[in-house]
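In UniProt numbering, the protein residues as written are 1 to 309.
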């Protein structure tokens with residue numbers, strides 16, 4: 001292992017706080033990672049990592065090396081990028097996390113195009129809405145919908161996802177079609193609660209450019225998008241959902257839009273990645289591809305995706 005590869009290995013161990021996890025993410029034996037770190041410490045004449053049976057932490061010298069190595073390898077990637085003009089020759093693996101329905105409905109079906117453009121890139125895709133510690137889990141980037149909590153990650157806006165209010169024809173036949181907000185008092189909502197501890201969300205709408213909420217009755221609470229839409233198709237109540245999620249159901253008449261003048265505010269769509277990846281050419285080409293894909297797939301909706309500049 002050359003010195004540059006050794007530094008990359010050291011950074012991964014430091015970020016993941018684990019030799020085993022770092023080895024898995026680098027696709028090399030744990031013994032190789034351990035040997036590389038021992039040789040690096042011997043060459044520098046200092047201890048870089050404090051090891052226990054359950055924890056790995058940077059020493060004072062290790063933190064100094066980490067900060068300097070991060071800058072050095074970032075500059076090296078940028079320098080190499082100046083002379084690597086053909087992105088089709090890129091090689092490497094990206095680990096990404098994507099909401100399940102965006103993965104299933106948009107990204108995965110379009111992957112043949114991505115691999116035709118970049119045959120040397122491999123994608124490892126996690127399709128879920130779970131909170132992900134990108135650094136600790138070795139994930140290169142995550143696409144997320146909705147407002148984000150504060151973090152040290154770089155957050156690049158991809159645009160705004162329009163939401164739509166809808167119900168099944170069967171539900172509307174039994175309960176009537178709401179024409180005003182006051183009519184909602186006589187209707188049922190299917191409630192969505194995040195599987196990570198949040199309470200069921202109220203019904204949202206915009207009035208005079210401000211977001212407002214209503215508390216609606218409902219007999220069903222679900223914790224994932226698939227069940228949320230399935231409950232609506234079964235006629236159990238009204239839902240508010242990103243338009244791309246239900247466009248096929250709307251097109252064939254299984255769902256019907258209601259209260260089109262009282263939609264909730266669109267939801268931000270963001271891609272997150274650690275600072276150490278901000279110059280990664282692999283990540284740059286993936287972001288450019290997925291941004292164009294999302295624009296193309298969703299711009300035909302009645303409220304198209306509004307891409308940020």
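Glycine included, each C-beta is placed from N, C-alpha and C at the ideal position.
In the three-state reduction of the DSSP assignment, residue 16 falls in the helix class, which pools H, G and I.
In this model, residue 252 and residue 283 are separated by some 37 Å (Cα to Cα). For the region 126-189, the full-length alpha helix (DSSP H) segments reaching 4 residues or more read 134-137, 169-175 along the chain. Excluding residues up to 5 positions away in sequence, 268 lie with their Cβ nearer than 7 Å to the Cβ of residue 147 in the same chain. In the DSSP annotation of this structure, the continuous segment of the beta strand (DSSP E) that includes residue 241 starts and ends at 239-242. Per DSSP, reduced to three states, the secondary structure at residue 273 is strand.
With respect to the 9 Å criterion, residue 158 and residue 266 are not classified as neighbours on the basis of their beta carbons. Annotation for residue 123: 94 place their beta carbon closer than 6 Å to its own, counting only its chain and skipping 5 residues before and after. Counting along the chain, residue 38 sits inside the alpha helix (DSSP H) bounded by residues 30-44.
In the structure shown, residue 66 adopts helical secondary structure according to DSSP, grouped into three states. Contact between residue 222 and residue 166 is absent: CB atoms are separated by about 15 Å, not below the 8 Å threshold. When secondary structure is reduced to three states using DSSP, residue 192 falls in the strand class. In this structure, 232 is the residue among 236, 232, 237, 259 with its C-alpha nearest to the C-alpha of residue 246. Beta-bridge pairing by DSSP links residue 222 to 192.
For the 9 Å CB-CB criterion, residue 190 and residue 141 do not form a contact. DSSP places residue 111 in the uninterrupted alpha helix (DSSP H) bounded by 108-117. For residue 271, the closest C-alpha among the options 294, 262, 263 is that of 294. Annotation for residue 127: 98, 100, 103 place their beta carbon closer than 6 Å to its own, counting only its chain and skipping 5 residues before and after. Beyond the five residues adjoining it in sequence on each side, residue 15 comes within less than 6 Å, by CB distance, of 135 in the same chain, given in chain order. The beta-carbon distance between residue 17 and residue 25, rounded to whole angstroms, is 12 Å. This is too long to meet the 8 Å contact definition.
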